[in-house]
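Beneath this line is the structure, given in structure tokens, with notes to follow.
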Amino acid sequence: MASGSEGFRRASRDWLGTHFPRALAGLGPRYMSSETPPEPTPAFLAWKRAIAEKGWGVPTWPCQYGGAGLSEEEAAILAEEMAAAGAWTPIGGMGVMMFGPTLLEYGTEQQKLRHLPGIADGSIRWCQGYSEPGAGSDLASLQCRAEDKGDHFLVNGQKVWTSGAQWSDWCFALVRTDPSDKRGGISFLMIDMRSPGVTVKPIRMISGSSPFCETFFDNVEVPKDNLLGATGQGWTIGKRLLQHERGGISQMSSDVPPLHALALTHLAISDDGRLADGELRVRIARCEMEALALALTVARIQSESEEGGPPQATSILKNVGAWLAQERAELMLEILGTRGLGWEGAGFAAPELEACRQWLFSKAVSIYGGTTEIQNDIVAKRMLGLKDA
Amino acid sequence: MPLSIQEQTMLADSVGAWVARESPVTAFRRVRDAADPLGFDPAAWRSIAAMGWAGIAISEDQGGAGLGLAAAGLIVAGLGRALVASPLAATIAASAAILHGGDEAQRRLWLPSIAEGTAIASIACDEGGHHDPARLRTKAERVASGWRLSGVKPFVAEGSAATLFVVAADTGLFLVPADTQGLAREPRSMMDSRGHASVSLDVTLPADARLSDADLDTVLDGVRALAAAEMLGLADAVFAMTLDYLRVRVQFGRTIGSFQALQHRAATLFTRIELVRSCVAAALAALDARADDSRSLVSLAKAQAGDMLNLVTREAVQMHGGIGMTDEHDVGLYLKRAKMLEGAGGTSAFHRDRYARLNGY
Ligand SMILES: Cc1cc2nc3c(=O)[nH]c(=O)nc-3n(C[C@H](O)[C@H](O)[C@H](O)COP(=O)(O)OP(=O)(O)OC[C@H]3O[C@@H](n4cnc5c(N)ncnc54)[C@H](O)[C@@H]3O)c2cc1C
Chain A
2 MASGSEGFRR
12 ASRDWLGTHF
22 PRALAGLGPR
32 YMSSETPPEP
42 TPAFLAWKRA
52 IAEKGWGVPT
62 WPCQYGGAGL
72 SEEEAAILAE
82 EMAAAGAWTP
92 IGGMGVMMFG
102 PTLLEYGTEQ
112 QKLRHLPGIA
122 DGSIRWCQGY
132 SEPGAGSDLA
142 SLQCRAEDKG
152 DHFLVNGQKV
162 WTSGAQWSDW
172 CFALVRTDPS
182 DKRGGISFLM
192 IDMRSPGVTV
202 KPIRMISGSS
212 PFCETFFDNV
222 EVPKDNLLGA
232 TGQGWTIGKR
242 LLQHERGGIS
252 QMSSDVPPLH
262 ALALTHLAIS
272 DDGRLADGEL
282 RVRIARCEME
292 ALALALTVAR
302 IQSESEEGGP
312 PQATSILKNV
322 GAWLAQERAE
332 LMLEILGTRG
342 LGWEGAGFAA
352 PELEACRQWL
362 FSKAVSIYGG
372 TTEIQNDIVA
382 KRMLGLKDA
Chain B
638 MPLSIQEQTM
648 LADSVGAWVA
658 RESPVTAFRR
668 VRDAADPLGF
678 DPAAWRSIAA
688 MGWAGIAISE
698 DQGGAGLGLA
708 AAGLIVAGLG
718 RALVASPLAA
728 TIAASAAILH
738 GGDEAQRRLW
748 LPSIAEGTAI
758 ASIACDEGGH
768 HDPARLRTKA
778 ERVASGWRLS
788 GVKPFVAEGS
798 AATLFVVAAD
808 TGLFLVPADT
818 QGLAREPRSM
828 MDSRGHASVS
838 LDVTLPADAR
848 LSDADLDTVL
858 DGVRALAAAE
868 MLGLADAVFA
878 MTLDYLRVRV
888 QFGRTIGSFQ
898 ALQHRAATLF
908 TRIELVRSCV
918 AAALAALDAR
928 ADDSRSLVSL
938 AKAQAGDMLN
948 LVTREAVQMH
958 GGIGMTDEHD
968 VGLYLKRAKM
978 LEGAGGTSAF
988 HRDRYARLNG
998 Y
């Protein structure tokens, strides 16, 4: 590797050494993807401030929008160094993963300057207003209406399964501007969740928490400035955003500790040092090998794709990522046995309770971001050219 | 005498009618939301006992119906269909253990009150996260007055309600009334919201507390086969619910059940369930007949049921889409109970391994 990148590696290692609180090492999953994240400690808040100032929460975004303007190569080095230090970014969510990249691609300069810095420093949270009771897999049949009132849109309708709506400042939503044109009648709006007429009702999930909501829009006025792209371009932009979402989901299990380590500490070992449960051993190996195959495929696709951003192949990656997340959660419970089936209270360690909730939540990974069936449909129709009769 | 096909249908129908009347899934929700450590509604349990089901496998001379585990399996499956929270399966398995391994005095002491529903019994075997009956650490030692038992059983089914435990120790099985001095229990809140408890033992028992003729594997096979029967009941209900949804949910202008991708998977689920139905019936009948191949058949039933139910519940959630992830929908309740039963009496992997051993490889 070029000496410049060696220099960058050293510099990032030094910076992480100074700024990343060792006490937070390895706690990324607990904070960022847990059903019950811990209260933010002063160390957590200081770390979040430091990385936001450095722009490393969104390292490849341009500096003027709160990023660090790193090249893909530098970002990869940074990710390696962070992994080596047990460091993780406290800046995440739908803004970072899906909306920001889409805004970078389709937004006006004014929209980018207005919305990206708040995502980059983790101060503004976004939610996704796509699904409706009657429009899930068939997203394009959505009915939430946005009427053109000259200087603003008047929005009326309902969204459902809106993750994090109750904590979000803004919502990126697909709305219907033209009832006579299924796809061409969809537009992409940015809606301030504090606007009069927005109501949010949390829905309890099987895992016990309420991370998603019903979201109602009742005569909500949305300024024209908050339209992304042109009127009627929502389906194109919305699908692009989904590719970012699917790409993100495929990476979910990429930096989790390997299962075999947990298995070796929890389960019987045979005389030659192998897991005594032969069937479980094979399943763990299959899961870890699939994870490696996925990582290699992600890397290959990235190196082969010319234009920026995720390609259509994100659908196959999303499905493998969903399978991995679910199989991993399943194997965690195999390893913990009955200890992993505790719901709450005395008799269970925190990671055991977490494994149970995580197993339940993992059932959603093959549903959200477009179901596994819909991804397969996209692959069959758009990539393989197979047609309905 | 095994039940005729006709009698089996009649029994299953009467269970179905009782469930619809007395304890549909809404009743389970009430029990769950009340969060009583008992884990069931005592009125429902009295009604179950009044139906004569607690004594279904108990011989007639001890106040039971003498219909064996095959009939018990039909009832347990029927209750499983609506997730009825009750200590019935645990109590029947324990009654079968006493019937099989107890002497005349032990039977007379316990079986009539179990048949009446006044005694609730449960087998306490597992000691860690995994079913491993070959390596029990609960110690039973001879002392002058009888036996001294010490150990911890951290996740005993119906452990909060049981009045009698059949405790598996390193040197056999023992009858331990729940009010024995030195027995302590603490409720455990688990995923399925049923009445599990950790039971710790430091007790002295009379000499006649040991089930001297009991074989642990046979006793556990009762637990396993009844778990498989309940799993079948869960699967039937979840599958029916899913088929209904495939018929009514519309996307892309058609019912989702019109998509061949889902039709074929529904066909696969049906296939897996039908195989398990045969295995469960064969295992229960073999236990009743004390057949030579009962162990193999029980492992077959438990392994097949585990894989089947894991698939059926997973697919059920998937085919329901977002609504399947909500607490308001019943499918998640089945998913949780299914996971508990998957490990009860050994996972599918445990039983595949056991099957291979039993067959000499
Ligand atoms: C935890 C969670 C978080 C979510 N967060 C958000 C969010 O933040 N914002 C948002 O907008 N949405 C969100 N969703 C919604 C999610 O995108 C939808 O649930 C998903 O797209 C499926 O839609 P549906 O629930 O209506 O299911 P349906 O579309 O009704 O699907 C039911 C079943 O039918 C299958 N099916 C449908 N069409 C076909 C076909 N043509 N061929 C074969 N099978 C088919 C589906 O794959 C599925 O198995 C979330 C969902 C979950 C579970």
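Chains as they are written, first to last, in the numbering used here: chain A, 2 to 390; chain B, 638 to 998. We treat Cβ as the ideally placed atom computed from N, Cα and C, and that holds for glycine.
Rounded to the nearest angstrom, the Cβ distance from A/Ser316 to A/Val366 is 14 Å, too far for a contact under 8 Å.
For A/Val321, the closest C-alpha among the options A/Thr372, A/Gly18, A/Pro39 is that of A/Thr372.
Contact of B/Leu972 with chain A by beta-carbon distance below 9 Å involves Ile207, Leu361, Lys364.
The residue among A/Asp226, A/Glu82, A/Phe189, A/Thr216 with its C-alpha nearest the C-alpha of A/Arg241 is A/Phe189.
For the options A/Pro180, A/Ser208, A/Asp149, the alpha carbon positioned closest to that of A/Leu228 is the one of A/Asp149. Inclusion of B/Ala981 and B/Val860 in the CB contact set at 9 Å is warranted, their separation being smaller than that value. Closest in alpha carbon position to B/Asp990, among A/Leu281, A/Thr200, A/Gly338, is A/Leu281. For A/Phe213, the secondary structure class from DSSP, reduced to helix, strand or coil, is strand. Assignment of beta-bridge partners to A/Thr232 by DSSP yields no partner. One alpha carbon belongs to B/Arg932, the other to A/Gly279, and they sit about 21 Å apart. The beta carbons of A/Leu243 and A/Gly370 sit closer together than 9 Å. Annotation note: the segment 769-826 of chain B contains the following uninterrupted beta strand (DSSP E) runs of length 3 or greater, listed N- to C-terminal: 776-780, 783-793, 801-806, 809-814. Among the residues of the segment 155-173 of chain A, those with a Cβ less than 8 Å away from any Cβ of chain B are Val161, Trp162, in the order of the chain. Chain B has no Cβ within less than 9 Å of the Cβ of A/Leu325.
Between the segment 816-830 of chain B and the segment 771-782 of chain B, the count of C-beta pairs closer than 8 Å stays below three; the two stretches do not touch. In the same chain as A/Arg275, and ignoring 5 residues on each side of it, the C-beta atoms closer than 7 Å to its own belong to Arg282, in chain order.
Here the C-alpha atom of A/Ala136 lies approximately 25 Å from the C-alpha atom of A/Pro224. In the three-state scheme derived from DSSP, where H, G and I count as helix and E and B as strand, A/Thr163 is classed as strand. Taking a contact as a CB-CB distance under 8 Å, the pair B/Ala734 and B/Ile693 does not count as one, their CB atoms being some 15 Å apart. Only those residues of the segment 694-728 of chain B whose C-beta falls short of 8 Å from the nearest C-beta of chain A would be listed, and there are none. Listed in chain order, the positions of the segment 973-985 of chain B with a beta carbon within less than 8 Å of a beta carbon of chain A are Lys973, Lys976, Met977, Gly980, Thr984. Going by beta carbons, B/Trp747 and B/Arg847 fall outside the 9 Å limit. In this structure, the beta-carbon distance from A/Thr61 to A/Ala76 falls below 9 Å.
DSSP, read as helix, strand or coil, puts B/Leu720 in coil. The C-beta distance from B/Leu912 to B/Ala862 rounds to 16 Å, too long to fall under 8 Å, and the pair is not in contact. The beta-carbon of A/Gly338 is placed less than 9 Å from the nearest beta-carbon of chain B.
Under the 8 Å Cβ criterion, the segment 244-255 of chain A does not count as touching the segment 194-206 of chain A, having fewer than three qualifying pairs. If you draw a 10 Å sphere on the C-beta of A/Met384, you find fewer than 16 other C-beta atoms in it, and that means exposed. Residue environment analysis places A/Glu305 among the exposed positions, since fewer than 16 neighbouring C-beta atoms fall within 10 angstroms of its C-beta. Taking one beta carbon from each stretch, the segment 700-711 of chain B and the segment 671-681 of chain B have fewer than 3 pairs nearer than 8 Å; the two do not touch.
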